[in-house]
Amino acid sequence: FLLPSLLLQVIFDPACYYGHHEAEFGMSWCANFNAEFYSAYHDIIPKEPGFEERRQLYLLYHYLNHYNLFGGGYYNQSFSILKELLKK
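Per the working numbering, the sequence shown runs over residues -1 to 86.
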């Protein structure tokens, strides 16, 4: 929005986040990123040990949140991730 007295444009993000960069992958299922994207990303920020397990936890968080909000198929996705994580 514009602050007339300062003639300054400002962007307000009500969902800003400061945390580990891998948390971004929790919502990646919404973005449909392709293999080329992930390859370029990991060229800049290499995967650290345990990345796949942490990625599953970040996904699980958002699937459980969506199940809480919307119900339906998010249960099966959440349950599937939980089963895989408990095998380890």
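Built from N, CA and C at the ideal position, the CB exists for glycine as well.
According to the neighbour-count rule (16 or more other Cβ atoms, all chains shown, within 10 Å of its Cβ), is residue i buried or exposed?
i, result
"Phe35", "exposed"
"Phe23", "buried"
"Leu58", "buried"
"His60", "buried"
For residue i, report the span of its alpha helix (DSSP H) as first-last.
i, result
"Tyr15", "Note, Tyr15: premise wrong, no alpha helix (DSSP H); not H, not E."
"Asn66", "Phe49 to Phe68"
"Asn32", "Here Asn32 belongs to no alpha helix (DSSP H), and DSSP marks it neither H nor E."
Check the C-beta distance from residue i over to residue j and give it rounded, since I have them as a contact under 8 Å.
i, j, result
"Ser78", "Tyr65", "Incorrect: roughly 12 Å between the Cβ atoms, too far for contact."
"Lys86", "Glu51", "7 Å"
Return the residue from the list the options that minimises the CA-CA distance to residue i.
i, options, result
"Asn74", "Lys85, Leu62 and Leu83", "Leu62"
"Tyr56", "Gly71, His19, Ala33 and Gly69", "His19"
"Arg53", "Phe10, Tyr15, Trp27 and Asp11", "Trp27"
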